[in-house]
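Before any comments, here is the structure.
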Amino acid sequence: MSVLDSTPPVRGLTPWIGVLVWILAILFVLMLAAGAPFGGALEGFLSGAFGGRRFAYLMTTLSRATLIVGMALAVMLSFRAGLFNIGGEGQLVLGGLVAALVGVYLPGPPLLVVAAGILAGMAAGAAWAVLAGVLQLYVGVPLLVGSLLLNYPARYLASYVVGHPLRDVASGLPQSHLVPVEAWLPFFPGTRLDIGILFVVAAAVFAIVYSHTTVHGYRARMTGHSAPFAEASGLPVRRLALQTLAMSGAIAGLVGAIAVFGIHHRYIDGMLVQPLYAWTGIVAVLLVKMIPWAVPLSGFFFAALQTGAAGMERAAGVPKELAITMQAVIILFVASRLTGLHFGGGAGEGGRPGEGGDGT
Amino acid sequence: MRVELSDITVRFGDLTAVDRVSLDFRSGEVHALVGENGAGKTTVMNALFGLVRSASGSIAVDGETCRWASPQDAIARGLGMVHQHFMLQDSMTVLENIVLCNEPTGRFGFVDFRAARAHMAEVATAYGIEVDLDATVGALSLGQRQVVEILKVLYRHADMLILDEPTAVLTPQEKDRLFGVLRNFRRDGKAIVLITHKLDEVMELADRVSVMRGGRLISSAPVAETTKTAIARDIVGGELPAEIARAERAPGAVVLSVDGLTVRSRGRTVGPISFDVRAGEIVGVAGVSGNGQAELVQALTGLRRAHGGSVRLAGRPLDGLDVGARRARGMSYIPEDRQRVGLALEARVSENAAIGRMDQPGFRRGPFRIRSAMNRFAAELIARYRIKVAGPEARAATMSGGNKQKLVVGRELSRDTPLVVVENPTWGVDIGAIEFIHSELVRMRDAGHAILMVSTELDEVLALSDRILVLYEGRISGEVARAEADRTAVGQLMVSHGPSAAEIAA
Amino acid sequence: MGLEALFDPAFAASLPRFITPILLAALGGALCERAGVFNIALEGFVLVGAFSAVLGAYFFGSAAMGALTAVFGGVLMGLIFAEFHLRRPGDPIVVSIALNLLAAGLTTYLLRAIFDVAGAFRDPAIVGFEPIHIPLVAAIPLVGPVLSGQSALFYVALGAAVFMHVFFARHRLGLRLRAAGENPAALVAGGVSPERVRLWALVLCGALCGLAGAQLSIANVNLFVENMSAGRGWIAVVAVLLTRGRPLPLLAIVCLFGFVDSLSFRVQGLGWPQQFTDMMPYVATLAVLVVLSWWRLRRSA
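Protein chains in written order, with this note's numbering: chain V, 3 to 362; chain Z, 107 to 612; chain C, -14 to 286.
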């Protein structure tokens, strides 16, 4: 019993220095394992994340951040409501697939096609998330497992659709046909960055305003703090859960649509799965303890980590998977330091031995 | 055996839970340790038992100073503790529970249950205790579980037995049986410490009584040399609280009408239950915990689906409605678990206060909530119910148990609904909060609200109720009017189906 | 096509290939579940096990050494879990997500750093497990091909399931594990640290998951592929949740999963697109999960 050790969390920088030292030490060991030159690696990292000719790499970072932040926002809305929706990947994939199919096969003016594609993608993502919610609420399948298992059918379904019936056979790759050029999201003038980022900025503004100022956001957060509390207080917990999941899935679907119309201009098998966007989004939310305004910053940070690692690979031959590894290391050290980040049931009254329980 | 505590001090962060307490326990003596919730009784015993480390002070057993790293050292020196919350595994058998943490092992760490069984047979015959070692603990009554706890201590050859509020969950009859066993132990030369806040028990059993208040030892004297009033005054530190005044009033119209309500939960059926609650009366529901109270309350509030029967509020049926709809029709609910159900601890006080009020005018503008209105409302509750907290923006977790409970009580009572359903409203709160909450409930009754109060604290039921219903095995075993209610009569109904059960079934 | 195609000896012989890794991982998960550790990082544990197994089998040139290094890798993951969840107050779900990610990143990173290949690593120097033929058993119709001619790890897995049943019922640590999951306060009061008991659960879980990984990489095949655990750890998590960590029901449900899984492998020969056969294990798991959850929900209501 370490009752006396349970001093209140130290406010200040000292513990964070320890964390930083650990993280850097692990980074050092990993780079040593790859036999990389440090100076070159650091230079490669910085230029890969923020540099390049006319900041081309910075634009890549922003482009990647668009997707990661979008996924993080989707996850944040669920997590704050106490919904462990880790099926963002499936929602993202279906959103992207449906958006691409609409983009390729829907005739009509380009603007309408883009709008329809994005909306259809959002609807697909929302539907997939709501399905996981229905399984939890009406069938009793825990959301955590249900939403995760739904990732796989989505992944393989998309893979099948662009691999068989609707494949661009001539390209020789498992991918859909290209969306007509007129329906591509335009670049910002003079850059290679498409305007998809604006959609995510809008989503971020929406998520922040929603979380802090709306009745729905307040109720969802109370449900997240304690579902029994919300239920006993008469909140419509089921409806709140399904609506929140729909919003969350819609944002994930939006991200898929942006990736299609803005970046790849078609659905390529694995394009949304392999880069682990969904998981990085989760990690980005956990890093900042689900605080809405900090989520975009944290998402950008991880995007920079990934593009920087790619730069490091080009410059110094360090495998770029270092980024994923370091994401995990960072979250391990940081999340285990943050108190109040608990999913597995709230803190009980009997948290410490002693009568009365809840202090004075 | 003689155990001495000298100058024990225990701190939790900034809070001094036990402040330089010295106590002295000896063989063949029942030593009662009394005081209100939060006085430090359990903490000082946890320090003696090695569960909590003391900041200063020393423990001596038979004159030899001891320091233990864990309870196992204390157990090795012959100390045994029966905790207030049973330290049992419901899914395991009695024998498995007894040997746990002290397993006789054979080869490769496998437990030698045969040796344990033989040893237990010895212990059981020595004290004349009968128990089925192969029964699953989850299937035992609370009284039988207490026996298992005591057997656990005996199995470890304890010479000193610490019992923390052992009668809290027992019926009066089970209590008598327990005290019989404890008298045997005293005769056998064991030292017994009884932590309690029930003075009748002290007078009945103890040889010596020590009173704690606010972490300090206030007095320690042989029971023969003190009086109940003197002990009570030491406990509260001043004059005794006056009995709560209640208006004489005839009950009004029926507000809540329950007819043949049945609830199924985990393979067992609660009900059929039928009763009415009228305006201006408090109906208390007594009973040992786990006899259907939770199911009844959940079915009334809409948290659980009823299987049969009907519930009417002010004449309108509630069947099939969800929690929100029932509350909108005029029901408030004070749950027993304030930590999970009553409050969202991580949220602000204002957010906890305004829950369920967002559809009222003034709290929202379109889809947006009005934060200033929420804060203003929370501030009103804080003032009106004398809640000690930094302010509406503080996190709910920063409040003490009593203040948390006052916030829940205030939030629900301020809704001013015809019916209030109350569940163990003073569980684990300090005496000041208990008094305040009780007087608020009586005030609501006097103002003409119907109150259904489910409580496992018999004294609370007896003190507040106009009528008392007793739940036993999921049904009402009897009803007692305030005038004829006494502990024995209600206690009898808590363990058997009384005559009125047949009437209700008919 | 005929049904007989599904029940030929080759099909029966393939069953254990699917059952073994999931069963081993699920048994590890059961230890955590019963001890009150919410470990959903089995996927990552298995992946690290698979990679470590290839390391051992390649550098020491023996399957046994591969299994040993796999155990080592799995235990290491268990210790990391313990460090961040038991010693530091990390939420188990957060730690699990991080460890799954760590396993995915680290195995790929090390694959490139050590062997300088991306995607997959195959090499004749990787010595895998040989099938063990049991003369008399092999002759039994239907069951014979299942029980004979399998890797040693299959028999280890079956033995572990039965042993764990006895372990929970009669072993000191088994008893304490159950107590740590049900009412840890009782352990504290008895002077036993629930944290220490949980540490043991995580270590043993790591060892079993390591073996599960070894089955994947040096018994089913002799190579390592990026992300080769491919959701099996998650299926194991589902099996653990459904059976609440009880070893014998666990064995039964994993056999059911394995049966459906190898069925899908089988129907691949019937001209279905590969994506559908790939999807089958997850859809089957989800279907079993839905049916059992629904049944439970109805029974409790």
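By construction, the Cβ of each residue, glycine as well, lies at the ideal position given by its N, Cα and C atoms. All values derive from a computational prediction rather than experimental measurement.
Using beta-carbon positions only, say whether residue i and residue j come within less than 9 Å of one another.
| i | j | result |
| --- | --- | --- |
| residue 191 (chain C) | residue 59 (chain C) | yes |
| residue 469 (chain Z) | residue 215 (chain V) | no |
| residue 77 (chain C) | residue 23 (chain C) | yes |
| residue 288 (chain V) | residue 337 (chain V) | yes |
| residue 569 (chain Z) | residue 386 (chain Z) | no |
| residue 441 (chain Z) | residue 403 (chain Z) | yes |
| residue 163 (chain Z) | residue 111 (chain Z) | yes |
| residue 91 (chain V) | residue 131 (chain V) | no |
| residue 224 (chain V) | residue 244 (chain V) | no |
| residue 168 (chain C) | residue 187 (chain Z) | no |
| residue 63 (chain V) | residue 282 (chain V) | no |
| residue 178 (chain V) | residue 263 (chain C) | no |
Pull up the DSSP beta-bridge partners for residue i, would you.
| i | result |
| --- | --- |
| residue 196 (chain V) | V:189 |
| residue 202 (chain C) | DSSP output for residue 202 (chain C) lists no bridge partner at all. |
| residue 156 (chain C) | Z:216 |
| residue 117 (chain C) | C:135 |
| residue 162 (chain Z) | Z:115 |
| residue 177 (chain V) | V:270 |
| residue 328 (chain Z) | Z:314 |
Distance cutoff 9 Å, beta carbons only. Does residue i sit that close to anything in chain V?
| i | result |
| --- | --- |
| residue 447 (chain Z) | yes |
| residue 140 (chain C) | no |
| residue 113 (chain Z) | no |
| residue 632 (chain Z) | The question about residue 632 (chain Z) has no answer here: the residues shown for chain Z are numbered 107 through 612. |
| residue 270 (chain C) | yes |
| residue 185 (chain C) | no |
| residue 219 (chain Z) | no |
| residue 457 (chain Z) | yes |
Kindly indicate which three-state DSSP category residue i falls into: helix, strand or coil?
| i | result |
| --- | --- |
| residue 360 (chain Z) | strand |
| residue 348 (chain V) | Residue placement at residue 348 (chain V) cannot be trusted, given a pLDDT of 32 that sits under 50; the coordinates are not used to answer. |
| residue 151 (chain Z) | helix |
| residue 277 (chain Z) | coil |
| residue 366 (chain Z) | strand |
| residue 338 (chain V) | coil |
| residue 172 (chain C) | helix |
| residue 308 (chain Z) | helix |
| residue 131 (chain V) | helix |
| residue 220 (chain V) | helix |
| residue 97 (chain C) | helix |
| residue 384 (chain Z) | strand |
On a Cα-Cα basis, can you pick out the residue from the options that is closest to residue i?
| i | options | result |
| --- | --- | --- |
| residue 181 (chain C) | C:223, C:68 and C:100 | C:68 |
| residue 315 (chain V) | V:37, V:21 and V:24 | V:37 |
| residue 183 (chain C) | C:28, C:7 and C:18 | C:18 |
| residue 235 (chain Z) | Z:575, Z:551, Z:258 and Z:569 | Z:258 |
| residue 161 (chain Z) | Z:185, Z:431, Z:592 and Z:126 | Z:126 |
| residue 414 (chain Z) | Z:377, Z:407 and Z:583 | Z:377 |
| residue 541 (chain Z) | Z:445, Z:342 and Z:401 | Z:342 |
| residue 248 (chain C) | C:187, C:189 and C:265 | C:265 |
| residue 267 (chain Z) | Z:462, Z:151, Z:480 and Z:422 | Z:151 |
| residue 234 (chain V) | Z:567, Z:434, Z:476 and Z:132 | Z:434 |
| residue 317 (chain Z) | Z:336, Z:311 and Z:168 | Z:336 |
| residue 449 (chain Z) | Z:437, Z:355 and Z:502 | Z:502 |
Got a sec: is the Cβ-Cβ distance from residue i to anything in chain C below 9 Å?
| i | result |
| --- | --- |
| residue 180 (chain Z) | yes |
| residue 227 (chain V) | no |
| residue 281 (chain V) | yes |
Using a Cβ-Cβ distance under 9 Å, would residue i count as near chain Z?
| i | result |
| --- | --- |
| residue 278 (chain C) | no |
| residue 157 (chain C) | yes |
| residue 80 (chain V) | no |
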